[in-house]
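Residues in the sequence shown are numbered consecutively from 24, following my numbering. Note that beta-carbon positions come from the ideal geometry of N, C-alpha and C, so glycine has one too. Take a look at the structure below.
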Amino acid sequence: ELKVRGERILIAVGTVPHRPDTIDFTVPNILDSDGIVSVPKLPRSLTVIGAGVIGIEYATIFSALDVAVTVIEPRSSFFDFVDKEIVEEFIHQLRDRGVQFRMGSPMTKVEALPTGGIVTTTADGRKVKSEMLLYCAGRMGATSDIGLDKCGIETDARGRIKVDENTFQTSVRHIYATGDVIGFPSLASTSMEQGRIAACHAFEMPLPPAPAYFPYGIYAVPEISTVGLSEQEVRGKGIS
Numbered sequence: 024e025l026k027v028r029g030e031r032i033l034i035a036v037g038t039v040p041h042r043p044d045t046i047d048f049t050v051p052n053i054l055d056s057d058g059i060v061s062v063p064k065l066p067r068s069l070t071v072i073g074a075g076v077i078g079i080e081y082a083t084i085f086s087a088l089d090v091a092v093t094v095i096e097p098r099s100s101f102f103d104f105v106d107k108e109i110v111e112e113f114i115h116q117l118r119d120r121g122v123q124f125r126m127g128s129p130m131t132k133v134e135a136l137p138t139g140g141i142v143t144t145t146a147d148g149r150k151v152k153s154e155m156l157l158y159c160a161g162r163m164g165a166t167s168d169i170g171l172d173k174c175g176i177e178t179d180a181r182g183r184i185k186v187d188e189n190t191f192q193t194s195v196r197h198i199y200a201t202g203d204v205i206g207f208p209s210l211a212s213t214s215m216e217q218g219r220i221a222a223c224h225a226f227e228m229p230l231p232p233a234p235a236y237f238p239y240g241i242y243a244v245p246e247i248s249t250v251g252l253s254e255q256e257v258r259g260k261g262i263s
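Right, dumping it as structure tokens:
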């Protein structure tokens, strides 16, 4: 057991994949985003549940390796924070490469077949069969075993910590939290800046001016990066 004392504490433990009880992750070919990096061989087909950044990144990586990929997403769209024209071109390229999208209907059941393979059923009655399934529908703050209950800090249903958005202080004022564990946008660029701001505030140093915009990087195939306002936001502000 290690005991560490500090007048100021910064929590930056990150996140772990969300694993719902309805899915049996003991099945070898049902994986989360941590397990997918250790597969001994490529599957012939892959179902990806969740069209968030991580799900789409892995979907495109496997597609680029000539794996037949189907993406299931309960919402009717994804990457809503990215310019719509970029997302449309991105989807067009993926469909040209054979990636299939099942949008607008959530997954209701995942079954492992005795003969091998996984069958995923969606709410509209569709069934998708594949050799492997990757579940990427969200992440949880890695806070379940760090003893937050002993210091009076509460987390939300996804294990995330609420902070003051200007100082990154938690409800216990000498304890700070930054990075993925506090939720959106969960990017390396934003997390580093949050850490700087929290450290400066903790030691009463001048705070650096917060950047007006952060760069977003999506490491898909092809990659997407963006900074600043999208075209939709610019039009909404009446800027020609």
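- When the Cα atoms are used, L69 and A87 turn out to be separated by approximately 12 Å.
- R258 has its alpha-carbon roughly 36 Å from the corresponding atom of S56.
- Shown here, V50 sits in coil according to DSSP, grouped into three states, outside any helix or strand.
- With a minimum length of 3 residues, the unbroken runs of beta strand (DSSP E) contained wholly in the stretch 98-159 fall at 123-126, 130-135, 141-145, 150-153, 155-158.
- Between A165 and V204 a beta carbon distance of about 7 Å is seen, short of the 8 Å cut, so the two are scored as contacting.
- The three-state reading of DSSP puts L230 in coil, since its state is none of H, G, I, E or B.
- Among the bridge pairs identified by DSSP, R162 is matched with P40.
- In terms of Cα proximity to D106, the closest of E256, R98, I262, R149 is E256.
- Within the model, the alpha-carbon separation for G218 versus P43 is close to 31 Å.
- The C-beta distance from A135 to I53 rounds to 7 Å, short enough to meet the 8 Å contact threshold.
- Secondary structure within the stretch 177-232: the alpha helix (DSSP H) runs of 4 or more consecutive residues, fully enclosed, are 211-225 (chain order).
- S99 is a Cβ neighbour of M126, given a cutoff of 8 Å.
- The continuous beta strand (DSSP E) containing T70 extends over residues 68-72.
- Boundaries of the alpha helix (DSSP H) around Y81: 76-87.
- Taking the Cα of R28 as reference, the smallest distance to any Cα among I262, H197, S214 is reached at H197.
- Under the 8 Å Cβ criterion, the stretch 170-177 does not count as touching the stretch 149-157, having fewer than three qualifying pairs.
- In the assembly as shown, L117 is a buried residue. Its beta-carbon has 16 or more other beta-carbons within 10 Å.
- In the structure shown, E30 adopts coil according to DSSP, grouped into three states.
- Residue pairing for S248: DSSP places it in a beta bridge opposite G240.
- With respect to the C-alpha of A235, the residue from E246, T213, C159 having the closest C-alpha is T213.
- With a beta-carbon spacing of about 18 Å, E108 and A74 fall beyond the 8 Å limit used to define contacts.
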